[in-house]
Amino acid sequence: MLSKGFRDEENEKAGQVLTGLLEENFEPDLWRKQQREKVSKILEELSGIGISELYDISPDVLLLKLQEQEFTAAQYEQLGDLLFNISRVEPEHHLELSAHAVALYEHSQIQSKTFSFSLIEKINSAKNA
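Using numbering that gives the first Met the number 0, the first residue of the sequence shown is number 0, and each one after it goes up by one.
Next comes the structure, spelled out in structure tokens:
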């Protein structure tokens with residue numbers, strides 16, 4: 000198990016990386032040509048799961064893998080936002096990515112131990128998309 004100081008540092012870095020990815024504007028042509036590979040590589044480094052692997056695993060398996068990485072509630076939410084954004088440029092995998100986003104949002108809600116209208120709105124948006 001990592002020391003608390005090192006774990007906090009790792010969580011800070013992961014949060015910054017996810018924030019940077021969320022600032023990207025995903026466009027279908029650019030996504031297929033270069034963004035997909037870049038995002039997949041970053042996700043692989045953060046979570047051990049690349050984009051292609053996300054299509055083949057269930058939301059429950061995704062959560063188990065992420066729990067091993069000791070993600071924070073905020074990181075679960077950020078990752079949910081990222082997957083929901085990606086679902087818009089990956090129409091053939093929209094359902095899988097949206098289901099993962101919902102699971103991440105719900106887990107974030109539970110882990111944070113506070114009620115968030117923002118998360119409820121995100122959950123509803125992902126379910127209805």
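Glycine included, every Cβ here is placed at the ideal spot set by N, Cα and C.
Since the structure is predicted, the reported quantities are computational estimates derived from the model, not experimental observations.
Leaving aside the five residues that flank D59 on each side, the residues in its chain whose CB is nearer than 8 Å to its CB run, in chain order, A102. The straight-line gap separating the alpha-carbon atoms of K112 and L81 is approximately 22 Å.
Unbroken alpha helix (DSSP H) stretches of 4 residues or longer found wholly inside the region 57-84: 58-67, given in chain order.
DSSP, reduced to helix, strand and coil, places S115 outside both helices and strands of the structure shown, so it counts as coil. Collapsing the DSSP output to three states places A102 in a helix. Exclusion of the five residues before and after W30 leaves V88 as the residues of its chain whose Cβ lies within less than 7 Å of its Cβ. For E52, the enclosing alpha helix (DSSP H) begins and ends at 50-55.
Under the three-state reduction of DSSP, G47 is assigned to coil, being neither helix nor strand. Rounded to whole angstroms, the separation of the alpha carbons of S39 and E52 is 9 Å. Annotated three-state conformation of A128 is coil, per DSSP. Leaving aside the five residues that flank G79 on each side, the residues in its chain whose CB is nearer than 6 Å to its CB run, in chain order, A100, L103, Y104.
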